[in-house]
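Note sheet for the following structure.
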Amino acid sequence: MLAMDGQPPVGGKTTDVGANGVSISLADPLAVGQGGQLAFDLLVEGSFVTINTRVKVSYCIFSSGEFKVGFQFLQPDLASVTALARFMR
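Just so we're aligned: the sequence shown equals residues 1 to 89 in the UniProt record's numbering.
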(Lines of atoms letter the chains of each structure in order from A and count residues from 1; the text may use other names and numbers.)
(Lines give C-alpha, C1' and ligand atoms only; values in the text may rest on other atoms or scores of the structure.)
Protein backbone atom coordinates (compact mmCIF):
# COMPACT_ATOMS: atom_id res chain seq x y z
CA MET A 1 0.00 0.00 0.00
CA LEU A 2 1.35 3.36 -1.04
CA ALA A 3 -0.07 6.65 0.21
CA MET A 4 1.64 9.67 -1.30
CA ASP A 5 1.28 12.91 0.66
CA GLY A 6 -2.11 14.47 -0.03
CA GLN A 7 -3.35 11.56 -2.18
CA PRO A 8 -5.47 8.47 -1.49
CA PRO A 9 -3.70 5.10 -1.10
CA VAL A 10 -2.93 3.07 -4.23
CA GLY A 11 -1.70 -0.44 -4.88
CA GLY A 12 1.26 -1.40 -7.01
CA LYS A 13 3.53 -4.29 -7.89
CA THR A 14 6.92 -4.48 -6.20
CA THR A 15 9.56 -5.26 -8.82
CA ASP A 16 12.81 -4.85 -6.88
CA VAL A 17 13.76 -4.49 -3.21
CA GLY A 18 17.07 -3.32 -1.82
CA ALA A 19 18.48 -2.22 1.51
CA ASN A 20 17.88 1.47 0.72
CA GLY A 21 14.74 1.41 -1.39
CA VAL A 22 12.26 -0.33 -3.63
CA SER A 23 10.97 -0.17 -7.21
CA ILE A 24 7.21 -0.40 -7.72
CA SER A 25 5.17 -0.54 -10.92
CA LEU A 26 2.22 1.88 -10.81
CA ALA A 27 -0.56 2.89 -13.19
CA ASP A 28 0.08 6.64 -12.79
CA PRO A 29 3.28 8.72 -12.68
CA LEU A 30 4.71 10.36 -9.57
CA ALA A 31 6.95 13.41 -9.29
CA VAL A 32 10.59 12.96 -8.32
CA GLY A 33 11.08 14.17 -4.75
CA GLN A 34 7.46 13.53 -3.75
CA GLY A 35 7.07 11.94 -0.30
CA GLY A 36 4.70 9.34 1.05
CA GLN A 37 4.12 6.34 3.29
CA LEU A 38 4.76 2.81 2.03
CA ALA A 39 3.79 -0.53 3.56
CA PHE A 40 4.59 -3.91 2.01
CA ASP A 41 5.23 -7.48 3.14
CA LEU A 42 8.50 -9.37 2.71
CA LEU A 43 8.93 -13.11 3.10
CA VAL A 44 11.93 -13.37 5.42
CA GLU A 45 13.12 -16.81 6.54
CA GLY A 46 9.66 -18.33 6.09
CA SER A 47 7.64 -15.57 7.77
CA PHE A 48 6.00 -12.42 6.44
CA VAL A 49 7.39 -9.16 7.82
CA THR A 50 5.65 -5.84 7.15
CA ILE A 51 7.88 -2.95 6.15
CA ASN A 52 6.16 0.35 6.91
CA THR A 53 8.24 3.47 6.26
CA ARG A 54 8.35 6.95 4.79
CA VAL A 55 9.64 7.08 1.23
CA LYS A 56 10.71 9.62 -1.38
CA VAL A 57 10.41 9.19 -5.17
CA SER A 58 13.88 8.96 -6.73
CA TYR A 59 12.85 8.19 -10.34
CA CYS A 60 9.77 7.57 -12.49
CA ILE A 61 10.09 5.86 -15.89
CA PHE A 62 7.33 4.86 -18.31
CA SER A 63 7.94 1.30 -19.58
CA SER A 64 5.71 -1.42 -21.03
CA GLY A 65 2.50 0.49 -20.35
CA GLU A 66 3.19 1.28 -16.68
CA PHE A 67 5.30 3.58 -14.56
CA LYS A 68 8.32 2.10 -12.79
CA VAL A 69 8.84 4.26 -9.72
CA GLY A 70 11.91 4.08 -7.49
CA PHE A 71 11.50 4.95 -3.83
CA GLN A 72 14.21 5.72 -1.30
CA PHE A 73 13.47 4.61 2.27
CA LEU A 74 13.57 7.55 4.69
CA GLN A 75 14.69 6.65 8.20
CA PRO A 76 13.19 3.14 8.40
CA ASP A 77 12.87 1.76 11.92
CA LEU A 78 15.33 -0.80 13.27
CA ALA A 79 12.93 -3.73 12.73
CA SER A 80 12.56 -2.79 9.06
CA VAL A 81 16.31 -2.38 8.56
CA THR A 82 16.91 -5.77 10.18
CA ALA A 83 14.21 -7.48 8.08
CA LEU A 84 15.59 -5.95 4.87
CA ALA A 85 19.13 -7.09 5.75
CA ARG A 86 17.89 -10.64 6.43
CA PHE A 87 15.91 -10.60 3.16
CA MET A 88 19.00 -9.50 1.19
CA ARG A 89 21.15 -12.44 2.41
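Every residue gets a Cβ at the ideal spot worked out from N, C-alpha and C, and that includes glycine.
Taking only three categories from DSSP, how would you classify residue i?
i   : result
L30 : coil
A39 : strand
R86 : helix
A79 : helix
G46 : coil
M4  : strand
G18 : coil
Within the same chain, show all residues whose beta-carbon is closer than 8 Å to that of residue i, passing over the 5 residues directly before and after it, in chain order.
i   : result
F48 : D41, L42
Can you list, in chain order, the residues of its chain with a C-beta nearer than 6 Å to that of residue i? Leave out the 5 residues immediately preceding and following it.
i   : result
P9  : M1, A3
L30 : V57, C60, V69
Going by the DSSP bridge assignment, what does residue i pair with across the sheet?
i   : result
E66 : S63
Who are the near neighbours of residue i in its chain, counting only those whose CB is closer than 7 Å to its CB and skipping five residues on each side?
i   : result
R86 : V44, E45
K13 : I24, S25
Find out if the Cβ-Cβ distance for the pair residue i, residue j is shorter than 8 Å.
i   : j   : result
V55 : L74 : yes
A39 : I51 : yes
G11 : F71 : no
D28 : F62 : no
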